[in-house]
Amino acid sequence: MKKFDIITVIPDAVTPYTSASILGRAQEAEHIVINSHDLRTWTTDKHKTVDDTPYGGGAGMVMKVEPFDKAVNDLKGENARVVITSASGKTFTQEDAKRLAGYDQVIFLCGRYEGIDHRVEEHIADEALSIGNYVLTGGELPALVMIDAIARMVPGVVQAGSLETESHTTEGYKEHPQYTKPENYNEWIVPAVLLSGDHKKIAEWREEESKKK
Ligand SMILES: C[S@@+](CC[C@H](N)C(=O)[O-])C[C@H]1O[C@@H](n2cnc3c(N)ncnc32)[C@H](O)[C@@H]1O
């Protein structure tokens with residue numbers, strides 16, 4: 083079973099998504115397990131402090147190295163990969179999803195505020211990943227986005243066959259358009275070839291539409 087661990091200061095914001103729909107069912111079926119952990123568990127002071135002012139001055143607060151270090155030491159198992167979420171990290175792709183699905187455990191470190199003390203990226207994380215060129219308020223959504231994409235690569239999580247023709251399965255590939263009933267909605271008509279029953283023509287049409295995209 084593949085294990086995902088999310089280290090965050092807002093674990094309650096993460097679990098509604100991970101326990102719903104496909105990810106929820108995949109956990110019930112024991113294909114994957116997703117745990118969210120409160121970073122404050124690994125603090126030692128009575129205020130459970132996870133951040134402090136930046137060295138060199140500047141706005142905002144920076145998340146401390148020690149709680150992340152302790153959390154990873156406690157949680158990291160065999161064949162594990164530690165990913166720090168970072169707006170300045172390498173952009174996550176489908177290739178990364180496939181690669182990370184090869185580990186037994188992936189641990190996500192979620193920043194907040196001005197980000198995480200750089201020593202976490204240098205000494206604790208194995209890699210820094212971004213989900214795109216924009217800045218979010220925290221690493222929780224990026225962790226969920228990446229977990230969702232990685233979990234789809236785990237056998238049993240999505241229907242066999244669903245993955246074969248999906249967009250990005252190979253570099254630059256985009257899936258053909260999909261339609262379902264009714265065949266006429268507001269005079270918006272499903273392409274006739276899809277109703278023809280001619281599997282060769284359907285395959286050719288799909289390939290052509292995929293190339294156009
Ligand atoms: C407000 S951001 C910090 C941004 C940081 N000061 C910068 O300029 O790069 C707080 C946290 O959100 C997460 N984050 C924000 N945008 C992200 C993105 N595009 N991809 C991955 N993580 C992101 C990271 O964990 C980051 O530490």
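With the working numbering applied, the sequence shown corresponds to residues 83 to 295, in that order. Think of the CB as a built atom: it goes at the ideal place given N, C-alpha and C, for glycine as much as any other residue.
When DSSP states are grouped into helix, strand and coil, I206 belongs to the coil group. Boundaries of the alpha helix (DSSP H) around Q176: 176-182. For A95, the enclosing alpha helix (DSSP H) covers residues 93-100.
If you check the C-beta of T175 against ligand 1, you find no heavy atom less than 7 Å away.
Note on geometry: alpha-carbon atoms of I92 and Q241 lie some 32 Å from one another. Bridge partners of Y267 according to DSSP: W270. In terms of side-chain proximity, the C-beta atom of V217 is found nearer than 7 Å to a non-hydrogen atom of ligand 1. In this structure, the CA atom of T131 is about 32 Å from the CA atom of L105. Checking the DSSP bridge columns, you'll see K172 partnered with L211.
Distance from the C-beta of P149 to the nearest heavy atom of ligand 1 is not below 7 Å. For E257 and N215, the gap between their C-alpha atoms comes out near 24 Å.
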